[in-house]
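S.K.: First the structure, which I've put down as structure tokens, then a few questions once you've had a look.
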Amino acid sequence: MHYEVRHCTHCGTALQPITLAEDGGDKERLRCPACGWTHWNNPTPVLAAIVEVDGKVLLARNAAWPVKMFALITGFMEAGESPQEGIAREVKEETNLDVQATTLVGAYEFLRMNQIIIAYHVVATGQVKLSPELVDYRFYDLHELKCWPAGTGYALADWLRTRGHEPVFFTAEENEERRRGLNLPPKD
1 MHYEVRHCTH CGTALQPITL AEDGGDKERL RCPACGWTHW NNPTPVLAAI
51 VEVDGKVLLA RNAAWPVKMF ALITGFMEAG ESPQEGIARE VKEETNLDVQ
101 ATTLVGAYEF LRMNQIIIAY HVVATGQVKL SPELVDYRFY DLHELKCWPA
151 GTGYALADWL RTRGHEPVFF TAEENEERRR GLNLPPKD
């Protein structure tokens, strides 16, 4: 579901595209004609984890995804926490695993969702117990992993290279098959 900011969060007036001079020159943004509030529309920070348990990588399937689609553990960073604290929290909430070590993999654009993904490799321990948001998981040896052509898939590819594995990406057909049904409306 896609939401847009349409009204000023301060006074409730309908926002309008208004051009004003900014540090980089004239810029059109949604602004409030009554009080001057600007909707900056900055990207949202999302955290992603390549979760390693006993030398294998855990990929999980979200309840809203098709049965063939598995990916990294992700979640939104919360106010008052560092990215490292946030990814440890997300891994615990989503899988019940305890993060023992955290290493930054990189930052990746996800323009379609206006997000910036901060990806980590985490070493975790414990017994997997999925949150209600997730319905399935699988453990993979490094040579079994295939990457997908999107932000977290590129993070996985970069991490595999640090492990001496040249990443293999899904072909366009394979990726379409794993995503089949993803954009369908929910069933009643």
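Here full-length UniProt numbering is used: the first residue of the sequence shown is 1, the next is one more, and so on. Backbone N, C-alpha and C define an ideal beta-carbon position, used for all residues, glycine too.
#1: How is the alpha helix (DSSP H) around residue 6 delimited, first residue to last?
#2: To which residues of the same chain is residue 52 closer than 8 Å at the C-beta, ignoring the five residues directly before and after it?
#3: How many angstroms separate the CA atom of residue 54 from the CA atom of residue 172?
#4: Between which two residues does the beta strand (DSSP E) harbouring residue 75 extend?
#5: Should the segment 166–180 be called in touch with the segment 91–103, which here means at least 3 C-beta pairs below 8 Å?
#6: If contacts are defined as beta-carbon pairs under 8 Å, then residue 88 and residue 99 qualify, I think. What distance do you get, rounded to the angstrom?
#7: Compare the beta carbon distance of residue 18 and residue 31 with 7 Å and say whether it is the shorter of the two.
#8: Where does residue 166 land, buried or exposed, given buried means 16+ other C-beta within 10 angstroms?
#9: Enumerate in chain order the residues of its own chain whose CB-to-CB distance from residue 41 is below 8 Å, with the five nearest sequence positions on each side excluded.
#10: Is any heavy atom of the ligand MN found at a distance shorter than 6 Å from the C-beta of residue 85?
#11: What residue ranges within the UniProt domain "Nudix hydrolase" (42–162) form continuous alpha helix (DSSP H) runs of no fewer than 4 residues, ordered along the chain?
#12: Between residue 105 and the rest of its own chain, which residues show a CB-CB distance below 7 Å, the 5 nearest in sequence each way excluded?
#13: By Cβ distance below 7 Å, which residues in the same chain neighbour residue 86 in space, the five residues on each side in sequence not counted?
#14: Check residue 14 in the structure and name its three-state DSSP category.
#15: Near residue 137, which residues of its chain fall below 8 Å by C-beta distance, leaving aside the five closest residues on each side in sequence?
#16: Secondary structure at residue 21, three-state DSSP: helix, strand or coil?
#17: Can you grab the Cα-Cα spacing for the pair residue 21 / residue 27, in whole Å?
M.R.: Taking the definition as stated:
#1: From DSSP, residue 6 is part of no alpha helix (DSSP H); its letter is neither H nor E.
#2: Short of 8 Å from the beta carbon of residue 52, and not among the five residues preceding or following it, lie these beta carbons of its own chain, in chain order: 58, 121, 122, 123, 124.
#3: About 31 Å.
#4: Counted as a single uninterrupted DSSP element, the beta strand (DSSP E) harbouring residue 75 occupies residues 73–76.
#5: Output reads no: the segment 91–103 does not touch the segment 166–180.
#6: With a Cβ gap of about 4 Å, residue 88 and residue 99 count as contacting.
#7: Yes, they are a contact pair.
#8: Burial call: exposed.
#9: Closer than 8 Å at the Cβ level, and outside the excluded window around residue 41, lie 5, 29, 30, 114.
#10: Annotation note on the ligand MN: not contained in the displayed structure, which lists no ligands.
#11: Secondary structure within the UniProt domain "Nudix hydrolase" (42–162): the alpha helix (DSSP H) runs of 4 or more consecutive residues, fully enclosed, are 83–95, 151–162 (chain order).
#12: The answer, listed in chain order, is 50, 119, 120, 121, 155, 158, 159.
#13: Excluding sequence positions up to five before and after residue 86, its CB lies within less than 7 Å of the CB of 47, 77, 78, all in the same chain and listed in chain order.
#14: Secondary structure at residue 14: strand, using DSSP grouped into helix, strand and coil.
#15: 58, 59, 60, 61, 70, 95, 128, 130, listed in sequence order.
#16: In the displayed model, residue 21 falls within a strand according to three-state DSSP.
#17: If I take the Cα positions, the gap works out to 6 Å.
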